[in-house]
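Visitor: For the numbering used here, count along the sequence shown from 1 and bump the result up by 892. What follows is a single structure, and I will ask about it in a moment.
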Amino acid sequence: MTILKQFLAYLFWIGVSFIAAFGYIRIILGPEPGTKSGFLAFLYLLIRNAIIVELVPIIGSIIAVLYILTDVFYLKKKLKNNLKGIIIRFISIIVITLAVGVIHYLLEKVIDVI
893 MTILKQFLAY LFWIGVSFIA AFGYIRIILG PEPGTKSGFL AFLYLLIRNA IIVELVPIIG
953 SIIAVLYILT DVFYLKKKLK NNLKGIIIRF ISIIVITLAV GVIHYLLEKV IDVI
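Printed below as a string of structure tokens:
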């Protein structure tokens, strides 16, 4: 029962990681364009949605793996399953998302690798 409970907890935090990745990608891409019609608007939305579908699983997986490693090797020993622990785990996912975002920005804009 303990293994199932731990698996479900990690599944929840993986979902939170994917939501954080989706939010990060939405921030990068900016707001959706207005209600324009035409072929170019359709093509723009098609490319935008393809970017979202392609990048969210990759970045979400990176965030999830980093969070699970952090939780297994550090947070699990320090925190118990209470409200304070949940808040600290959520903050750690946000910090990991920010770190992944900064690294992504540096690799894409500054070093021009991506």
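Heads up, the beta-carbon is just placed ideally off N, CA and C, and yes, glycines get one too.
THR962 to ALA933, Cα distance in whole Å?
Guide: Stepping through the sequence shown from its first residue, residue 962 is reached at position 70. Stepping through the sequence shown from its first residue, residue 933 is reached at position 41. Those two C-alpha atoms are separated by around 42 angstroms.
Visitor: Cα separation between THR927 and ILE951?
Guide: As a working mapping, residue 927 is identified with position 35 in the sequence shown. As a working mapping, residue 951 is identified with position 59 in the sequence shown. Using only the alpha carbons, I get a separation of about 29 angstroms.
Visitor: Between the Cα of ILE917 and those of LYS976, SER984, TYR997, ILE895, spot the shortest distance and give me the residue it belongs to.
Guide: The residue labelled residue 917 in the question sits at position 25 within the sequence shown. When each option's Cα is compared against that of ILE917, the closest is TYR997.
Visitor: Tell me, please, whether the CB atom of TYR997 is closer than 8 angstroms to any CB atom in chain B?
Guide: You won't find chain B in this structure, because it holds only one protein chain.
Visitor: Consult DSSP for SER929 and reduce its assignment to one of helix, strand or coil.
Guide: For the purposes of this step, residue 929 is taken as the residue at position 37 of the sequence shown. Three-state DSSP puts SER929 in coil, outside helix and strand.
Visitor: What would DSSP say about VAL994, mapped onto helix, strand or coil?
Guide: Mapped onto the sequence shown, residue 994 falls at position 102. Helix, per DSSP.
Visitor: Does the beta-carbon distance from ILE955 to VAL987 come in below 8 angstroms?
Guide: Locating residue 955 in the sequence shown gives position 63, counting from the first residue. Locating residue 987 in the sequence shown gives position 95, counting from the first residue. Result no, Cβ atoms of ILE955 and VAL987 do not sit closer than 8 angstroms.
Visitor: By Cβ distance below 6 angstroms, which residues in the same chain neighbour VAL908 in space, the five residues on each side in sequence not counted?
Guide: Position 16 of the sequence shown holds residue 908. Hits under 6 angstroms: ILE985.
Visitor: Going by beta carbon distance, what residues of the same chain come within less than 6 angstroms of ILE944, once the five residues before and after it are set aside?
Guide: As a working mapping, residue 944 is identified with position 52 in the sequence shown. Cβ neighbours of ILE944 beyond the five flanking positions: ILE917.
Visitor: Assuming ILE1003 is part of the alpha helix (DSSP H), what are its boundary residues?
Guide: Counting from one through the sequence shown, the residue named residue 1003 turns up at place 111. Looking at the DSSP string, ILE1003 is not in any alpha helix (DSSP H), and its letter there is neither H nor E.
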